[in-house]
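Read the structure below first, then the notes.
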Amino acid sequence: DVVAFAKAPVVMARRGLPGMGLQVHVMERLPTLADDAGQQMQRFLPLAASGVLLLLVVGGSLIFALLRRQSERNLAVSLSLHQAIIESTSDGILVVDLSGHVTTHNQRFADLWQIPPSLLAQRNDRDLLAFVREQLRGTQGFMDKVEEIYRDPEEASFDLLEFRDGRVFERHSNPQRLGGKVVGRVWNFRDVTLRNRALEKLAQSELELQTIIDTEPECVKLIAADGTLLKMNRAGLEMIEADNPKRVIGKQVLGIIAAEYRAAFATLIERVFQGETGRLEFEIIGLKGGRRWLDTHAVPLRDPHGNIIALLGVTRDISEHRAAEAERAQLQQQLQHAQKLEAIGQLTGGIAHDFNNILGAILGYTGLTLDRFREQLPEKAVGYLNEVQKAGERARDLIQKMLAFARGGGGEAQVLDARPLVREVIKMLAATLPSSLVLKEQIAEGVPAVRIDPVQLHQILTNLVINARDASGGQGHIEIGLRLSVLTGELCDFCHQPLRGEFVELSVQDDGSGIAAEVLPKIFDPFFTTKEVGRGSGMGLAMVMGILREHNGHALVETTVGEGHGTTFRLFFPPARSHAPEAVAPLLAAATPETGGRHILVVDDEVPLGRLLGEVLDAHGYRATVHANPRAALAAFQADPAGFDAVITDQTMPGMTGIELVHELLALRPALPVFMASGYSDKVDAETAEQHGIRRFFYKPVASAALLAALREALR
Numbered sequence: 009d010v011v012a013f014a015k016a017p018v019v020m021a022r023r024g025l026p027g028m029g030l031q032v033h034v035m036e037r038l039p040t041l042a043d044d045a046g047q048q049m050q051r052f053l054p055l056a057a058s059g060v061l062l063l064l065v066v067g068g069s070l071i072f073a074l075l076r077r078q079s080e081r082n083l084a085v086s087l088s089l090h091q092a093i094i095e096s097t098s099d100g101i102l103v104v105d106l107s108g109h110v111t112t113h114n115q116r117f118a119d120l121w122q123i124p125p126s127l128l129a130q131r132n133d134r135d136l137l138a139f140v141r142e143q144l145r146g147t148q149g150f151m152d153k154v155e156e157i158y159r160d161p162e163e164a165s166f167d168l169l170e171f172r173d174g175r176v177f178e179r180h181s182n183p184q185r186l187g188g189k190v191v192g193r194v195w196n197f198r199d200v201t202l203r204n205r206a207l208e209k210l211a212q213s214e215l216e217l218q219t220i221i222d223t224e225p226e227c228v229k230l231i232a233a234d235g236t237l238l239k240m241n242r243a244g245l246e247m248i249e250a251d252n253p254k255r256v257i258g259k260q261v262l263g264i265i266a267a268e269y270r271a272a273f274a275t276l277i278e279r280v281f282q283g284e285t286g287r288l289e290f291e292i293i294g295l296k297g298g299r300r301w302l303d304t305h306a307v308p309l310r311d312p313h314g315n316i317i318a319l320l321g322v323t324r325d326i327s328e329h330r331a332a333e334a335e336r337a338q339l340q341q342q343l344q345h346a347q348k349l350e351a352i353g354q355l356t357g358g359i360a361h362d363f364n365n366i367l368g369a370i371l372g373y374t375g376l377t378l379d380r381f382r383e384q385l386p387e388k389a390v391g392y393l394n395e396v397q398k399a400g401e402r403a404r405d406l407i408q409k410m411l412a413f414a415r416g417g418g419g420e421a422q423v424l425d426a427r428p429l430v431r432e433v434i435k436m437l438a439a440t441l442p443s444s445l446v447l448k449e450q451i452a453e454g455v456p457a458v459r460i461d462p463v464q465l466h467q468i469l470t471n472l473v474i475n476a477r478d479a480s481g482g483q484g485h486i487e488i489g490l491r492l493s494v495l496t497g498e499l500c501d502f503c504h505q506p507l508r509g510e511f512v513e514l515s516v517q518d519d520g521s522g523i524a525a526e527v528l529p530k531i532f533d534p535f536f537t538t539k540e541v542g543r544g545s546g547m548g549l550a551m552v553m554g555i556l557r558e559h560n561g562h563a564l565v566e567t568t569v570g571e572g573h574g575t576t577f578r579l580f581f582p583p584a585r586s587h588a589p590e591a592v593a594p595l596l597a598a599a600t601p602e603t604g605g606r607h608i609l610v611v612d613d614e615v616p617l618g619r620l621l622g623e624v625l626d627a628h629g630y631r632a633t634v635h636a637n638p639r640a641a642l643a644a645f646q647a648d649p650a651g652f653d654a655v656i657t658d659q660t661m662p663g664m665t666g667i668e669l670v671h672e673l674l675a676l677r678p679a680l681p682v683f684m685a686s687g688y689s690d691k692v693d694a695e696t697a698e699q700h701g702i703r704r705f706f707y708k709p710v711a712s713a714a715l716l717a718a719l720r721e722a723l724r
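By the numbering used here, the letter at position 20 of the sequence shown is numbered 28, and the numbering carries on one by one without gaps.
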């Protein structure tokens, strides 16, 4: 405290307020007091102790002024930043209050709506709204939307505005809030005209591309890395038998691929997603069970950044192509097989020709010896010769089968009792079958005769029994039957005609596994076989049907699939009731003296056969002249054409064939009876021989009874 008398001067101190640049008095005069002497005195106290109020008032005013100045500065900065942000956006911004009056906007708003500056300066909301509405299509809808929004200030909205000049704006609207209270609305306008046009063009391009893909006859598909089907066109859906894309889109494509090709297809997918291209032929099983062969070409599908996003595959149906290839391969195989058969046939024919000549001599001279010297020979010698003749006859039958094969099965039909022939075939086949397979016969009595070539009947039975053996797996039973049957309208499995009346039925039944229904219609087709390569030619049943057709026969096939049920082939031949069966003629008939001493010219390069035939003719009252050289025979005939009553010639001879000799002979004497015998020839048979003027054609070894009968007929 500073105490002074009243009359003393006032002592004051000054203190500066830091940072303010102001000086403030800090002394205050206090009320007057009296001292002990009665003198009045004045008190002064420092403000720091007693002037707090003054300091608060002054300081508060200063601080408020300072804060206000700072707040105004911050507000100006904020408004400037806000305006800069609004002006820098590419969208048009319009802010209105709750009454719809414009409070602010950016220049982009004016540019987008093409509003003149003069109209904006007027700040006339009604005129501004009218200007905006005039530019739009569907102005009523625009106003309805505005009114709907203003009825609910809290609502946010989005819609598209279409202009009369073709422009399109996106309009966003959100409420403006101040302290949680809605005080206005902010409108945001964005010109999306170019973007929409680009999207429309893109959509149009996609539509055109999809149309092209959908009309593409090949399958076009997209597949993900995990094998999921992403997309497929209509042709592809038809290929896999999918009525609706929902059945396959999003599902594994490997599920429709045949099991043996799934690994290869999975590898193709992996390679494509590594950036490679690939191609694969594979088989599929459609959703409805159909099987197809497909050829697919696959490439990577990339996004704009080069990343592989899918496998793009173009696939075509090659089922017909594969079938044609298989058929071509089969035909090639058949051709090779046919060529092999032809080669075998030629070899067989050559062997048969030579063997027939040898066999003819063996049988002929054996028979001739028995015929002429039976009484003079010891009994054992006669027995030995009989065995030689039996063996020769079996060899003759074998050669006939070989020739039938070489000639393609053709032969001469005759009326015969089929029972002994069937038994003979059964006996022969039984020796060739395994012991685990039992061959049975059911041959009825009183079976009518049939007109058929015995060699062909042998072929029929052999083929059917071989089929039955293979179907039975070499074990079980095979039953061969021969009987008279009456049919009442059953349909032939070959010609599909109803069968009625009596037929001679030849049947072969096995107890194998049967024939599948899908295979049954094909069993008579040439070259069709269910056996593996090398085990069957596919010609067996085709040959059977060919023989049946040639003899007006028919067939029924009864089969049940399943082990032990088996198949029965029933063949039907019309009975030949009007003719007695022809007996098989012996090689040498009993000698019957012929009168007149007719002169026969015999020509055969096989000297033993020529001599044998001369002996037979001499034994039957003919006079035979035998020549081994056809040119020598021709010279003898030219020397005396009227001196010979008939000619018997071989076909295959050195220097001149039998046909050439016949032409020379008939040129000299057209009515000359000429006969031909051949061990084998692919140039002449019974039909072609007749065309060359030959009276009768024989295959060696020639049965003497048939030859002598033909001579008698010709010389009568």
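From the three backbone atoms N, C-alpha and C, an ideal C-beta is built for every residue, glycine too.
Asked, Found
"Only counting the same chain, and skipping five residues up and downstream in sequence, which positions put a Cβ closer than 7 angstroms to that of Glu571?", "Ser521"
"Using DSSP with H/G/I as helix, E/B as strand and the rest coil, what is His90?", "helix"
"To the nearest angstrom, how far is it from the Cα of Leu74 to the Cα of Leu83?", "14 angstroms"
"CB Phe281 to CB Pro308, shorter than 8 angstroms?", "yes"
"What are the residues that DSSP puts in a beta bridge with Leu633?", "The sequence shown places Thr at residue 633, rather than the Leu named in the question. BP columns for Thr633 point to Leu609."
"What's the gap between the Cα of Glu395 and the Cα of Gly372?", "14 angstroms"
"Note down the Cα distance separating Leu169 from Ser96, rounded to an integer number of angstroms.", "23 angstroms"
"From Asp425, Thr147, Leu137 and Thr275, pick the residue whose C-alpha is nearest to that of Val104; which is it?", "Leu137"
"For Val473, tell me which candidate among Pro462, Met664 and Gly489 has the shortest Cα-Cα distance.", "Gly489"
"Just to confirm my understanding: we take Glu721, look at its own chain, exclude 5 residues before and 5 after, and list those with CB closer than 7 angstroms. What are they?", "none"
"Can you list the beta strand (DSSP E) stretches of 3 or more residues lying completely in the segment 241 to 278, in chain order?", "none"
"Taking only the alpha-carbon atoms, compute the straight-line gap between Ala524 and Gln340 and give it to the nearest angstrom.", "27 angstroms"
"DSSP three-state call for Arg402: helix, strand or coil?", "helix"
"Return the bridge partner residues of Ser686 from the DSSP annotation.", "Tyr707"
"Rounded to whole angstroms, what is the Cα-Cα separation between Phe171 and Lys254?", "40 angstroms"
"Taking the alpha-carbon positions, what's the Arg300 to Gly258 distance?", "22 angstroms"
"Please look up how many angstroms separate the CB atoms of Leu579 and Leu556, rounded, as I've assumed it's under 8 angstroms.", "6 angstroms"
"Starting from Pro616, trace the alpha helix (DSSP H) in both directions and tell me its first and last residue.", "Val615 to Ala627"
"Please state whether DSSP places Leu238 in a helix, a strand or coil.", "strand"
"What is the rounded straight-line gap between the Cα of Gln422 and the Cα of Val458?", "8 angstroms"
"For Ile434, which option in Glu453, Gly454, Ile468 and Ser444 has the closest C-alpha, if you only look at C-alpha atoms?", "Ile468"
"Going by alpha carbons, who is nearest to Leu376 out of Ala627, His180 and Ile667?", "Ala627"
"Taking Gln115 as the reference, which of Ser107, Gly100 and Ser126 has the closest Cα?", "Gly100"
"Using only the alpha-carbon positions, how far apart do Val110 and Leu128 sit?", "10 angstroms"
"Excluding the 5 residues preceding and the 5 following Arg639 in the sequence, name in chain order all residues of the same chain whose CB lies nearer than 8 angstroms to its CB.", "Gly663 and Met664"
"If you pair each beta-carbon of the segment 211 to 230 with each one of the segment 194 to 203, do three or more pairs fall below 8 angstroms?", "no"
"Could you tell me the boundaries of the alpha helix (DSSP H) in which Ser728 lies?", "Given that the chain is displayed from residue 9 to residue 724, the structure contains no residue 728 and the question cannot be resolved."
"Provide the residue span of the alpha helix (DSSP H) that contains Pro638, from first to last.", "Pro638 to Ala647"
"Could you tell me which uninterrupted beta strand (DSSP E) segments, each at least 3 residues in length, are contained entirely in the segment 423 to 488, listed from first to last along the chain?", "445 to 451 and 458 to 460"
"From the DSSP output, in three-state form, read off Phe72 for me.", "helix"
"By the three-class DSSP mapping on this structure, what secondary structure does Leu295 have?", "coil"
"Considering only residues of the same chain and omitting the five flanking positions on each side of Ala118, which have a CB-CB separation below 7 angstroms?", "Leu128"
"Determine the DSSP secondary structure at Leu319, reduced to helix, strand or coil.", "strand"
"Can you give me the start and stop residues for the alpha helix (DSSP H) that Phe150 sits inside?", "Thr147 to Arg159"
"What's the C-alpha gap between Val655 and Ala369?", "20 angstroms"
"Could you check if Gly192 is buried or exposed, using at least 16 other CB atoms within 10 Å of its CB as the buried criterion?", "buried"
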